[in-house]
Amino acid sequence: MNRKPMTAVAPGAGVSLSRRQFLRRTTLAAALTAGPTLLPRSVLGQGNAAPNSRITMGFIGLGGQGAGHLLGGAWTYVPGGYVARQDVQVLAVCDVRKERRDSAQERCNQMYAQRYGQASYQGVQSYNDFREVLARPDIDAVLIAVPYHWAAPMSLLAMRAGKDVYCEKPIAITVREGQALIETSRRFSRVYQAGTQQRSEYGGKFRIACEWVRNQRLGRLKEVFAFGIPGAFYPDPWITAKSEPCPATFDWDLWLGPLPWRPYAGEAGHALPGCFVGDVNWAPHRYDTVMWTVNPDPTAPVEIELVAGGVDYHFSHGVVVHSRDYPGGGRGSRRRRVLCGNRGAHRGRPRRHRLRSPGDPEAAAATGRGPGRACQQSLRQFP
Amino acid sequence: MKSILSCLFALWVLLPPVTVAQAEADLIALLQSPASGPEKCTACLKLRVVGTARCVPALAALLGEDVVSHAARNALEGLPFPEAGDALRAALATTSGLTKAGVIDSLGWRGEAASVPLLAPLLRDPQPEVAAAAAAALGRLASPAAAASLDRVRDSAGPTVQPVVLEAMLRAADRLVASHPDLAAELYQRLFEGEYSPEIRAAAGRGLVLANPAVFANPDTLEALKDALSGGDRFLRAAAFAVLRELKDPKVPESLLGAWSSLSPEAQIALLDACVRLEVSAVLTARKAGQSPVARVRIAAWQALAELNDLGSIAALAQAASSGEAVEREAARESLTRLRGEAVLAALTTRLEDAEPRTRTELLRVLGERGDPGATEVLLRYAGGAEPARSAALKSLSLLGSPALLPGLLELAAQANPDQDVEPLLQALLAACQAAPDREQTTRQVVEAMNRFGPVARRQTLPLLSELGTAPALALALAGASAPDRDLQREAVRVLGQWPSAAPAARLLELAQQADDPALQVLALRGAVETLGQEPDAAARLSSLKQALAAARRNEEKKLVLGRLAQIPTPEALALLVPRLEDPDLAEEAAVAAIAVAEKVAPTQPQLARETAAKVLAVARNPDALKRAWALRGETFGPGPFISQWLVCGPFRQPGANSALTIFDLPFGPEKPGEPVEWRAVRGRRHRSPVRALPGTGGLRHLLEEPDRRPPGTDRPAADGQRRWHQSVAQRQGGPRQQHGPRLGGRSGRRQCATGSGHERADAQDHPGRGRLGGFGASCGHGRKADPGPAGRSRASERARGPTVNGLRPPSTLCRHASSHVCHSPVLPRPAPPASEQIRTGLTASAIATAVCDNLYYLLGRFPAVATRNDCYMALAYTVRDRLLDRWLRTAETYFERASRTVCYLSAEFLLGPQLENNLVNLRHPRGHARGARVPPTQPGRTARTRGGAGARQWRSGPARRLLPRFPRHARDPQHRLRHPLRVRHLRPGDPRWLAGRSG
């Protein structure tokens, strides 16, 4: 197999590595990132939040989601992005695509130059190799928005290097990776937040819906229709006949990272095709809120049943989560999470629900009969 | 595809044992065959699931092979047989480098304790990856022997291996806490006291105290924790917070309470949290925290007090809820609402008596938000008192919304002070009425009470009657409408106008016809029109509206009636509406209403609809009404355009052209003239939509065919629907700047020149691009005056809005005459567009190509040989902008005329490159929908990819990026890419091609 030299620069080395050397270094990544001693945080700007009260951040991965968080955009939850926050100081941007990191660096420097009144402000550095970001002792936290296979390894290395982490989902592709994240976060007392915004955003409406179900407003919970098959890592034969010259501004080897090497075939997005089954991208959102609602205790399902059209997950307290649409629920129930209790069902988008007081007679009025096995009536608690 | 694969895989897993055994044998045979690496990897993957001890030798044989070693050890790692561990251990002697590191890693994950003696020497292996893997594996094995071997090398390991050794020691210590607590503590202690990185030391410190909380018996340890909580080392601080959060020994937080005032705010919050969790003097701590000068500590205290259900803090909570910052007030209010138990009501009520006005208001509000019915009495008492407590109490009563409140509230209404705001009381009464299950009984209560009321109280409570909507309530309201008291009468009429049924409409009409008081007459008439909307019988509604129209004295009411008539889809309603078209004051409303009715009667009475539309076109000025009238007049009510043929394009290949961009620039059939293409007929039903005609093939090109059923010479309105081309005197007079705009919904066919010169142009035949979607005004001004030349044709003057014509503002686009056009761009080789297309905003291929060349020449001062890519881009951008100006300015004008409130949103997120593409896509459709547009190349000689004729066919295609995902993977390759008609590439900022020359 053709193993081309890698263009990634190891921290502090400045030399080209072969792929084999890269893998060796990756194996030793903990060693590379655990060493630095902390220095005081950056002292920048006047008339803003005190430098010591600002969180210094690095942004790793500057695609749609990462750049959206950094600079503001369609998929961010912070107006103007993190660069506009007074309590955050962005110090580093990192991407394996040169045009992305250069563009982000330029915009960040422009914004800070304007804010601080320093036309020549150049405080934001750009990096190709994320390990150089992690090696900076003046960075408190990193926001990681990278392809699926990199999310957990990068987060682990960041936490070992003493950084707090916000990582976009999917945060891991194997159970083992997920457990390692929990273990490392606890061991090093690091703040780790997964980018499951349905827990943290939308004015807490998902949380309220979750509380309602847990407080048995639907009676005892029986079934949940999660309408989609969750994603899973399923490595297809790792081979491709296609090969294209890789653009000079794209570090393909570093993009692949922990994946086995394969030639560049012109496409590199969230993940390479042929690696995953199901909806890896959205399933974390769906099943996160379902698990939050269904399973207050952090236990896994006790039985997994392969049925026609999907998978059923049986939990110890009798709840069954179906990975398919609510049967016969009509258009209002398609592609919606439907939670069925013995007193009613919650269907629809939690973000739209209206809450009624417990004594509200309308809440008790049945408005229709659901055809599900356990759904005898549908309440209007969450229209 | 992936789902199918996974199902097949799952079915394969669930096969009966005999079949599984056979499958295992087959897989073993495959592993032992000279199959390729990927095939063997796949077989290993399956063996991890179905393999037994029989497959271990075959897998072990692959451990040394570079390509499949990782797959083989992955399979062995998951096999629950001791033979697998033995095989991995045996491989330690035969492998090296990364392969050996992988084998070691698998031994660690298998938990093979027997491997410790083999792994311990590897910690000093010269290959660092092997040593690091051995350290990580020993950390996972976590036996005393493994920990001891790690401990031996922790200071002597190389710089790349040492961090792995230290973390492995931490992991081993974590796992040894349960079985060997002393050993674990010793490991933690060594790591904590060693000269290692702060992360390692902090993690070791955390582990040390969590493993053995007894260390806090030592005052030095407690002091160290205290220092760490407020200290400057952020790693130690984070570890200290983690300790407080995870600790289960109540003595530690208890000991720390003595140093409360010396702790940082964050440490105080963490300590408070620990106290609440471990129930250590929690109430006292929370109360102390409530007096903190730091707001976030106080907020945490208020939340903790609610958690602890401390009724003794009600005064402090009420005080906090009525003063301070919004966040803190909200937290205190929520805590007051969350307090639970029967004693809470009594405590809150007691506190009410001696509270300050602001605090009392907060407490009254909390009583409502808690929803406790027991608070009714005290709330009613304050509701009869002075402000601001009265309003707060009434608001809480409306939150309670209980029918039991009705008598008390009615009593309050009877005693209401006319100077007080009646709205809160009315809201509370309405809430009580709405909550009442028996409406008749509630009506009786309300009617009896109102009969006892004085005139003021009765007038104030009249809105309750329309809420109830019952017969006795109606009788009482009708009686009020006949009362001699003028104020009461007006209020009753107002209430009747809001009735939930049409029952009072007759009486309201009667009042409207007879009342001598103009205000009462208007109220009654408006009420009648409003309630008639509830009348289910269309005939009765029409008859009543006819009476209302007759009774209306002002135009405002007449317009209301016309609006209501628009909801009656009958010819009789139309007969009432059409005469009003002649009334200049009512014409606009009548036109809108008439066209709405005409649209509904059109399927059954098309002639009547067309006649109505013609009348509307003659008088109306409302653009929307004109568009709808025009559509109605031209509508044949038969089957519309449909897709007749379709064609799959590609694959696009040409020898020597390898890159996507090169292929993108090459013309292929049917764009390339003379190249044979195969059109296929659509079978079955005929559809307009490609998706419906050819399910699953939304991206295919197709022909939209529409037979021209229009007679020649039909009058057409201008783009803004305000003029007729044949009747424009101003146009006929000519001038240097004859102006006209794009024709809306233009169709192909023979068109007559607006100059009245008598020549007709069969433009559809001459110019096949002028199809249904691309049809634009064919009228030509035939300017009489010679064009003044480039110097006189400044963009500003060309874009200036012309004077009004017949009181109407013409569109802003310019007509350019053929003769002037030719003389201003003599050097550019380009297709000469026909005269009908030589307008500035023509949309055919040739018109746009000409415009691009013109802009390149006149605006940018370049000719193609020297034009850079940026010049070409700018020329195209100006060309598109010209075509957008009309809609853009019309929109702006509409906002200006209507004085609309505008929300302005300045965004820098949407880059200009995509905007150009979007604008190109939207060029064709007058409403700017994202329909397909065909835009010619900027190079001369590359034109006319449209098809058409008298039948007006037109290409349609959506943006390629929307269509690509529907195609299988191979279609995404450049050589198979669906060609989409837009020839604009995204040039990102920084791309050298931006400023490079043509050859760049």
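Residue numbers (this note's numbering), protein chains in the order written: chain A, 59 to 441; chain B, 12 to 1011.
Virtual Cβ for every residue (Gly too), placed ideally from N, Cα, C.
Meets three-Cβ-pair contact criterion under 8 Å: the segment 307-319 of chain A and the segment 206-213 of chain A: Yes, the segment 307-319 of chain A is in contact with the segment 206-213 of chain A.
Tell me whether K237(B) is buried or exposed, calling it buried when 16 or more other Cβ atoms sit within 10 Å of its Cβ. Here residue 237(B) refers to the residue found at position 226 when the second sequence is read from its first residue. So K237(B) counts as buried.
Determine the direct distance from the alpha carbon of L397(A) to that of A142(A), and round the result to whole angstroms. Counting from 1 along the first sequence, the entry for residue 142(A) is found at position 84. Counting from 1 along the first sequence, the entry for residue 397(A) is found at position 339. A straight-line Cα-Cα distance of about 39 Å links A142(A) and L397(A).
Neighbour flag for G445(A) against chain B, beta carbons, 8 Å: Because chain A here runs from 59 to 441, residue 445(A) falls outside it and cannot be looked at.
Which class does C304(A) belong to by DSSP, given the choice of helix, strand or coil? Your numbering for residue 304(A) matches position 246 in the first sequence. The answer is coil: DSSP assigns C304(A) none of H, G, I, E or B.
First and last residue of the alpha helix (DSSP H) that includes Q255(A)? Start at 1 with the first residue of the first sequence, and residue 255(A) comes out as number 197. Per DSSP, the unbroken alpha helix (DSSP H) holding Q255(A) starts and ends at Q255 to S258.
For a contact defined as C-beta to C-beta under 8 Å, what are the partners of S247(A) on chain B? Counted from its first residue, the first sequence places residue 247(A) at position 189. Neighbours of S247(A) on chain B, chain order: A213, A214, R217, F246, A249, A250, F252 and A253.
For the putative contact between A219(A) and L239(A), defined by C-beta atoms under 8 Å, what is the C-beta separation to the nearest angstrom? Sequence index remark: in the first sequence, residue 219(A) carries index 161 (1-based). Sequence index remark: in the first sequence, residue 239(A) carries index 181 (1-based). The distance from the Cβ of A219(A) to that of L239(A) is about 15 Å, inconsistent with a contact at the 8 Å cut-off.
I need the boundaries of the beta strand (DSSP E) containing V365(A), first residue and last residue. Residue mapping note: residue 365(A) aligns to position 307 of the first sequence, counting from 1. Unbroken beta strand (DSSP E) run through V365(A): E361 to V365.
Spell out a yes or no on whether the segment 304-314 of chain B and the segment 263-270 of chain B are touching, meaning 3 or more CB-CB pairs, one atom from each, closer than 8 Å. Cβ pair count under 8 Å is below three, so no.
Does E204(B) get closer than 8 Å to chain A when you measure Cβ to Cβ? On the second sequence, residue 204(B) is found 193 positions in, with the first residue counted as 1. So, not an interface residue.
Suppose contacts are defined by Cβ-Cβ distances below 8 Å. Is L423(B) in contact with A394(B) by that definition? Position 412 of the second sequence holds residue 423(B). Position 383 of the second sequence holds residue 394(B). Against a cut-off of 8 Å, the Cβ pair of A394(B) and L423(B) comes out as a contact.
G220(A) at chain B interface by Cβ criterion, 8 Å: By one-based count along the first sequence, residue 220(A) stands at place 162. Using a CB distance cut-off of 8 Å, G220(A) counts as an interface residue toward chain B.
E1015(B) versus chain A: which residues are under 8 Å apart at the beta carbon? With chain B covering only 12 through 1011, there is no way to say anything about residue 1015(B).
What first and last residue would you give for the beta strand (DSSP E) that runs through D222(A)? Counting from one through the first sequence, the residue named residue 222(A) turns up at place 164. Element bounds for D222(A): D222 to C225.
Going along chain A, which residues have a C-beta under 7 Å from L133(B)? Position 122 of the second sequence, counted from the start, is the residue given in the question as residue 133(B). Chain A residues near L133(B): none, gap ~14 Å exceeds 7 Å.
If the criterion is Cβ atoms closer than 8 Å, does the pair G124(A) and A230(A) meet it? For this step, residue 124(A) is matched to residue 66 along the first sequence. For this step, residue 230(A) is matched to residue 172 along the first sequence. No.
Distance check for I310(B) and D1016(B), CA to CA, integer angstroms please. Any property of residue 1016(B) remains undetermined from this structure, which presents chain B solely from 12 to 1011.
Output the distance between the C-alpha atoms of A535(B) and N462(B), rounded to the nearest integer angstrom. Residue mapping note: residue 535(B) aligns to position 524 of the second sequence, counting from 1. Residue mapping note: residue 462(B) aligns to position 451 of the second sequence, counting from 1. Between the alpha carbons of A535(B) and N462(B) lies a gap of roughly 24 Å.
DSSP has I118(A) in a bridge; who is on the other side? Locating residue 118(A) in the first sequence gives position 60, counting from the first residue. Partner(s): C152(A) and I202(A).
On the three-state DSSP scale, how would you describe L643(B)? Looking up residue 643(B) in the second sequence gives position 632. The answer is helix: DSSP assigns L643(B) an H, G or I state.
Using a Cβ-Cβ cutoff of less than 7 Å, which residues in the same chain neighbour G242(B) once the five nearest sequence positions on both sides are dropped? As a first step, residue 242(B) must be located in the second sequence, where it is residue number 231. Around G242(B): R248.
Comparing alpha-carbon positions, which option in L637(B), P93(B), K111(B) and L571(B) lies nearest L73(B)? Walking along the second sequence from the start, residue 73(B) turns up at place 62. Nearest to L73(B) by alpha-carbon distance, out of L637(B), P93(B), K111(B) and L571(B), is K111(B).
Between the CA atoms of E367(B) and L316(B) - distance to the nearest angstrom: Within the second sequence, numbered from 1, the residue matching residue 316(B) stands at position 305. Within the second sequence, numbered from 1, the residue matching residue 367(B) stands at position 356. Near 22 Å, if we compare the C-alpha coordinates of E367(B) and L316(B).
Measure the CB-CB distance between S381(A) and I266(A) and report whether it falls below 8 Å. Translated into the one-based positions of the first sequence, residue 381(A) becomes position 323. Translated into the one-based positions of the first sequence, residue 266(A) becomes position 208. Against a cut-off of 8 Å, the Cβ pair of I266(A) and S381(A) comes out as no contact.
What's the C-alpha gap between A184(B) and E241(A)? For this step, residue 184(B) is matched to residue 173 along the second sequence. For this step, residue 241(A) is matched to residue 183 along the first sequence. Straight-line Cα distance between these residues: approximately 13 Å.
Contact check, G289(A) vs G336(A), beta carbons under 8 Å: Within the first sequence, residue 289(A) is the residue found at index 231, counting from 1. Within the first sequence, residue 336(A) is the residue found at index 278, counting from 1. With respect to the 8 Å criterion, G289(A) and G336(A) are classified as neighbours on the basis of their beta carbons.
Figure out for me which residue from G169(B), A447(B) and V220(B) has the closest Cα to the Cα of L133(B). As a position in the second sequence, residue 133(B) is number 122, starting the count at 1. Of G169(B), A447(B) and V220(B), the residue nearest in Cα terms is G169(B).
Could you give the distance in angstroms between the alpha-carbon of V378(A) and the alpha-carbon of Y371(A)? Counting from 1 along the first sequence, the entry for residue 378(A) is found at position 320. Counting from 1 along the first sequence, the entry for residue 371(A) is found at position 313. C-alpha separation (whole angstroms): 5 Å.
Does L989(B) come within less than 8 Å of chain A when only Cβ atoms are used? Locating residue 989(B) in the second sequence gives position 978, counting from the first residue. Its pLDDT being 31, under 50, L989(B) is placed unreliably by the model, and the measurement read from it follows with that caveat. No, its Cβ sits nowhere closer than 8 Å to a Cβ of chain A.
Take K259(B) and list the residues in its own chain whose beta-carbon comes closer than 8 Å to its own, dropping the five residues that flank it on each side. In the second sequence, the residue the question calls residue 259(B) occupies position 248. Answer for K259(B): P224 and L289, listed in chain order.
Within chain A, partners of L181(B) - CB distance below 8 Å: Position 170 of the second sequence, counting from 1, holds the residue named residue 181(B). In chain order: R245.
Do A32(B) and A71(B) have their beta-carbon atoms positioned less than 8 Å apart in this structure? To locate residue 71(B), count along the second sequence from 1; it is residue 60. To locate residue 32(B), count along the second sequence from 1; it is residue 21. Against a cut-off of 8 Å, the Cβ pair of A32(B) and A71(B) comes out as no contact.
Terminal residues of the continuous beta strand (DSSP E) containing H372(A)? Counted from its first residue, the first sequence places residue 372(A) at position 314. In this chain, the beta strand (DSSP E) harbouring H372(A) covers G368 to H372.
Based on Cα-Cα distance, which residue from V457(B), L233(B) and Q426(B) lies nearest to P414(B)? In the second sequence, counting from the first residue as 1, residue 414(B) sits at position 403. Residue V457(B) holds the alpha-carbon nearest to the alpha-carbon of P414(B) among V457(B), L233(B) and Q426(B).
Can you say whether G544(B) is buried or exposed, counting buried as having 16 or more other CB atoms within 10 angstroms of its CB? The residue you call residue 544(B) lines up with position 533 of the second sequence. Exposed, because fewer than 16 other Cβ atoms sit within 10 Å of the Cβ of G544(B).
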